[in-house]
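This report refers to the structure that appears directly beneath it.
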Amino acid sequence: MKAGSSPKRISPPPSAAKSDTAKRKVKTSSQGKKYATIRRDLERQRKAMLEEAVEGLANPNGQEAFPDVSDQASAEAEQNFLMRIREREQRLVKKIDEALERMNQNIYGICERCEEEIPYPRLKARPVTTLCIDCKTLEEQAEKARR
Ligand SMILES: [Zn+2]
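Mapping of the sequence shown onto the numbering used here: position 146 corresponds to residue 148, and the numbering continues sequentially without gaps.
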């Protein structure tokens, strides 16, 4: 039997598949550029927090060995502490999500109360904030008065 008589197959060029994904929709929103750094920070922070949370769940501080009762009590206290931390983290992750959502809707960086633009340095320092410094101060005063 003769072998090797099969014709050469022409495989498609490897670049053919690439062009598809390269065409991403480019949004021409001014906010996208303006807050690109903050968005990147938020996304990075979100990812880090979620990874941490997952780690925390998989191994809650390696508290498998507690030889006596007092250690068990402290382990429980620690558990509570971790849960509170996680609640706090969950709230922050939610806030980050909301901030990213506001970016998508192009309403990021606008004060919820007075609808003025929140100064960039404040956003950079507290990217999840929804209030300008004046309104935040007013709100804090109102909260204190309520107590
Ligand atoms: Zn305001």
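Each residue gets a CB set at the ideal place from its N, CA and C atoms; glycine is no exception.
Classify residue i as helix, strand or coil using the three-state DSSP reduction.
| i | result |
| --- | --- |
| E119 | strand |
| I112 | strand |
| R149 | coil |
| R128 | coil |
| Q107 | coil |
| L133 | coil |
| E142 | helix |
When you compare only the Cα positions, how much space is there between residue i and residue j?
| i | j | result |
| --- | --- | --- |
| E89 | K36 | 31 Å |
| V56 | N82 | 17 Å |
| D136 | S76 | 42 Å |
| R149 | Q143 | 10 Å |
| A85 | Y122 | Per the sequence shown, the amino acid found at residue 85 is Met instead of Ala. Taking the straight line joining both Cα atoms gives about 33 Å. |
| R115 | A147 | 19 Å |
| I109 | L140 | 22 Å |
| K138 | T131 | 9 Å |
| I87 | E117 | 32 Å |
| Q74 | E145 | 38 Å |
| R124 | K49 | 22 Å |
| M105 | L94 | 16 Å |
| P129 | E80 | 30 Å |
| E100 | E78 | 33 Å |
| C113 | E54 | 31 Å |
| Q107 | A38 | 14 Å |
| Q47 | Q92 | 12 Å |
| A67 | R42 | Residue confidence is low: A67 scores 47 on pLDDT, short of 50, so the model does not pin down where it sits. Its coordinate-derived value is still stated next. Roughly 40 Å between the two C-alpha positions. |
Please look up how many angstroms separate the CB atoms of residue i and residue j, rounded, as I've assumed it's under 8 Å.
| i | j | result |
| --- | --- | --- |
| G111 | I120 | 5 Å |
| I40 | K126 | 6 Å |
| L102 | L52 | With 8 Å as the limit, L102 and L52 do not qualify as a contact, their Cβ atoms being about 13 Å apart. |
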